[in-house]
Amino acid sequence: MNPYITALLIFGLVLGTSITASSSHWLLAWMGLEINTLAIIPLMAQNHHPRAIEATTKYFLTQATAAATLLFASITNAWLTGQWDITLMTHPVPTTMITLALALKLGLAPLHTWLPEVLQGLTLTTGLILSTWQKLAPFALLLQMPCPNQELLIILGLTSTLIGGWGGLNQTQLRKILAYSSIAHLGWMLLIIQFAPSLTLLALLTYLVMTTAAFLTLKNNKATNINALSTSWAKAPLLTAATPLVLLSLGGLPPMTGFLPKWLILQELTKQQLPTTAVIAAMTALLSLYFYLRLCYAMTLTMPPNNTAGTSLWRLPPNQPSLLLALSTPATILLLPLSPAIMALMNL
1 MNPYITALLI FGLVLGTSIT ASSSHWLLAW MGLEINTLAI IPLMAQNHHP RAIEATTKYF
61 LTQATAAATL LFASITNAWL TGQWDITLMT HPVPTTMITL ALALKLGLAP LHTWLPEVLQ
121 GLTLTTGLIL STWQKLAPFA LLLQMPCPNQ ELLIILGLTS TLIGGWGGLN QTQLRKILAY
181 SSIAHLGWML LIIQFAPSLT LLALLTYLVM TTAAFLTLKN NKATNINALS TSWAKAPLLT
241 AATPLVLLSL GGLPPMTGFL PKWLILQELT KQQLPTTAVI AAMTALLSLY FYLRLCYAMT
301 LTMPPNNTAG TSLWRLPPNQ PSLLLALSTP ATILLLPLSP AIMALMNL
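Spelled out as structure tokens, the structure:
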């Protein structure tokens, strides 16, 4: 793709997210979401492969449905209450409709079925954008919007953590595994969004860092399924040694960074007299941990037959920029000791 066109599309992505995040009017927020969707579609369809075109079409139809539902619900809210302001949603019907529309945009269970299929049809770079940047605008609206129906958010959150763990168990394609990982992480954020919005923001930031590290590692190794991971030690030995720690951080094991948001969310749920919810969420995290351990096993404890040409790949100079990977990997592994400073900074 022409670099000028790529720069224009990335500018459209940034502009759409910025408009949505900074708006207090539902029409402006809807417009930002539409700009965001229209900017990523050419990026998704840039390699003219049938899988990519199919994924782009599914993504467009899903996002258009969610945007139409959101617009209809916001007009209904204005008709019932006379308010267009995001923070002044009072009527339960449009509030519930908008929550479900944003859940469809994010790919929360049970509205998740499009996400693994779409992610599987994309390149790892576009999949990274879809799994990280595209989550910011809907979450900005969820954080601003008062939701009187807390049970709905808890049901969506628990269903997402359960299906995100369960769905990934049987997968061999890495992009689908990361899609189910994304669903599970978003479920954890939704569980706590009404009780501690700053904690949701912390969980979202750590999710962005960990997912960036995971996608860039797979892109560096050119791996798209579990079997391809077994050759990664010959391509980048040091990165292969660090990758299991990145995956275990995604699973939420201490002493990695991913443990911090899960620990604080379980603590907050217990404070809010929701011990059953906390126990179910903690049990579903074990499901996700299983398929991360599968990836660790494939990467570190299996060795494929290699010839001399295959084992000397690491001697070649890297052919892609790796600054973002070099920043996100240590951040994914090493930030847990800074948790008191992070909690003080975010007033937790």
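Numbering-wise (full-length UniProt numbering), the sequence shown opens with residue 1 and increments by one.
Cβ atoms here follow ideal geometry from the backbone N, Cα and C, with glycine treated the same way.
Exercise. Please say whether Lys-219 and Leu-124 have beta carbons closer to each other than 8 Å?
Key: Sequence index remark: in the sequence shown, residue 124 carries index 124 (1-based). Sequence index remark: in the sequence shown, residue 219 carries index 219 (1-based). Cβ atoms of Leu-124 and Lys-219: closer than 8 Å.
Quiz item: Any chance the stretch 129 to 140 sits against the stretch 75 to 84, with 3 or more Cβ pairs inside 8 Å?
Solution: no
Quiz item: Under the three-state reduction of DSSP, which class applies to His-185: helix, strand or coil?
Solution: Mapped onto the sequence shown, residue 185 falls at position 185. Residue state, collapsed to three classes: helix.
Quiz prompt | Segment limits, alpha helix (DSSP H) that includes Phe-11 | solution = Your numbering for residue 11 matches position 11 in the sequence shown. Residues 3 to 22.
Quiz item: Rounded to a whole number of angstroms, what is the C-alpha to C-alpha distance between Ile-226 and Leu-136?
Solution: For the purposes of this step, residue 226 is taken as residue 226 along the sequence shown, with counting starting at 1. For the purposes of this step, residue 136 is taken as residue 136 along the sequence shown, with counting starting at 1. Distance between the alpha carbons of Ile-226 and Leu-136 is about 29 Å.
Quiz item: How should Ile-192 be labelled, buried or exposed, when 16 other C-beta atoms within 10 angstroms of its C-beta is the threshold for buried?
Solution: Along the sequence shown, one-based indexing puts residue 192 at 192. Buried.
Exercise. Note down, in chain order, each residue of its chain lying with its Cβ closer than 7 Å to the Cβ of Leu-9, except the 5 sequence neighbours on either side.
Key: In the sequence shown, the residue the question calls residue 9 occupies position 9. Only Ala-39, Pro-42 and Leu-43 meet the Cβ criterion.
Practice problem: Pick out whichever of Leu-247, Thr-243, Asn-47 and Ser-24 has its Cα sitting closest to the Cα of Leu-142. | Solution: What you label residue 142 is simply residue 142 of the sequence shown in a count that begins at 1. Closest by alpha carbon: Ser-24.
Quiz item: Can you tell which of Thr-276, Ala-29 and Thr-37 has its C-alpha closest to the C-alpha of Met-145?
Solution: Taking the sequence shown and counting its residues from 1, the one referred to as residue 145 is at position 145. Measuring from the Cα of Met-145, the nearest candidate turns out to be Ala-29.
Quiz prompt | Three-state secondary structure assigned by DSSP to Gln-150 | solution = On the sequence shown, residue 150 is found 150 positions in, with the first residue counted as 1. Residue state, collapsed to three classes: helix.
Quiz item: Does DSSP classify Asn-225 as helix, strand or coil?
Solution: Taking the sequence shown and counting its residues from 1, one reaches residue 225 at position 225. It is a strand residue.
Quiz item: Is His-112 buried or exposed, if buried means 16 or more other CB atoms sit within 10 Å of its CB?
Solution: As a working mapping, residue 112 is identified with position 112 in the sequence shown. Under this definition His-112 is a buried residue.
Quiz item: Should the stretch 84 to 98 be regarded as contacting the stretch 156 to 175, the criterion being three or more beta carbon pairs within less than 8 Å?
Solution: no
Quiz item: Out of Ala-52, Pro-261, Asn-47 and Trp-114, which has the shortest C-alpha to C-alpha gap to Asn-338?
Solution: Taking the sequence shown and counting its residues from 1, one reaches residue 338 at position 338. Strictly speaking, residue 338 in this sequence is Leu, with Asn absent from that position. The candidate whose alpha carbon is nearest that of Leu-338 is Pro-261.
Quiz item: Under a three-way DSSP split, which group does Gln-83 fall into?
Solution: Within the sequence shown, numbered from 1, the residue matching residue 83 stands at position 83. In this structure, Gln-83 counts as coil in the three-state DSSP scheme.
Quiz item: What's the gap between the Cα of Gln-46 and the Cα of Thr-277?
Solution: For this step, residue 46 is matched to residue 46 along the sequence shown. For this step, residue 277 is matched to residue 277 along the sequence shown. Distance between the alpha carbons of Gln-46 and Thr-277 is about 43 Å.
Self-check item: Whole-angstrom C-beta distance between Trp-114 and Gly-121, which should lie under 8 Å
Solution: Start at 1 with the first residue of the sequence shown, and residue 121 comes out as number 121. Start at 1 with the first residue of the sequence shown, and residue 114 comes out as number 114. Gly-121 to Trp-114, Cβ: 11 Å. No contact.
Quiz prompt | Cα-Cα separation between Pro-237 and Leu-15, rounded to whole angstroms | solution = One-based indexing of the sequence shown puts residue 237 at position 237. One-based indexing of the sequence shown puts residue 15 at position 15. Cα to Cα, Pro-237 sits roughly 39 Å from Leu-15.
Quiz item: Is the Cβ-Cβ distance between Leu-336 and Thr-257 less than 8 Å?
Solution: As a working mapping, residue 336 is identified with position 336 in the sequence shown. As a working mapping, residue 257 is identified with position 257 in the sequence shown. Cβ atoms of Leu-336 and Thr-257: closer than 8 Å.
Quiz item: What are the boundary residues of the alpha helix (DSSP H) that Lys-262 is part of?
Solution: The residue you call residue 262 lines up with position 262 of the sequence shown. 259 to 271 is the span of the alpha helix (DSSP H), which, as asked, contains Lys-262.
Quiz prompt | Range covered by the alpha helix (DSSP H) that runs through Thr-276 | solution = Walking along the sequence shown from the start, residue 276 turns up at place 276. 275 to 300 is the span of the alpha helix (DSSP H), which, as asked, contains Thr-276.
Exercise. Output the boundary residues of the alpha helix (DSSP H) element that contains Ser-232.
Key: One-based indexing of the sequence shown puts residue 232 at position 232. 232 to 235 is the span of the alpha helix (DSSP H), which, as asked, contains Ser-232.
Quiz item: Cα-Cα, which of Leu-27, Trp-133, Pro-138 and Thr-99 is closest to Gln-83?
Solution: The count along the sequence shown starts at 1 and reaches residue 83 at position 83. Gln-83 has its Cα closest to that of Leu-27, out of Leu-27, Trp-133, Pro-138 and Thr-99.
Quiz prompt | Cα-Cα separation between Leu-80 and Gln-273, rounded to whole angstroms | solution = Stepping through the sequence shown from its first residue, residue 80 is reached at position 80. Stepping through the sequence shown from its first residue, residue 273 is reached at position 273. About 34 Å.
Quiz item: Given a threshold of 16 other Cβ atoms within 10 Å of its Cβ, counted over all protein chains shown, does Leu-324 qualify as buried or as exposed?
Solution: If you number the sequence shown from 1, residue 324 lands on position 324. Exposed.
Quiz item: Around the C-beta of Tyr-4, are 16 or more other C-beta atoms found within 10 angstroms, so that it is buried, or is it exposed?
Solution: As a position in the sequence shown, residue 4 is number 4, starting the count at 1. The residue is exposed, with fewer than 16 neighbouring Cβ atoms inside 10 Å.
Exercise. Write down the C-beta distance between Leu-248 and Tyr-292 rounded to the nearest angstrom, noting that I regard them as a contact closer than 8 Å.
Key: Along the sequence shown, one-based indexing puts residue 248 at 248. Along the sequence shown, one-based indexing puts residue 292 at 292. Between Tyr-292 and Leu-248 the Cβ distance is about 6 Å, and since that is below 8 Å, they are a contact.
Exercise. In angstroms with no decimal places, state the Cα-to-Cα distance between Ala-55 and Leu-174.
Key: Translated into the one-based positions of the sequence shown, residue 55 becomes position 55. Translated into the one-based positions of the sequence shown, residue 174 becomes position 174. When rounded, the distance between both Cα atoms is 16 Å.
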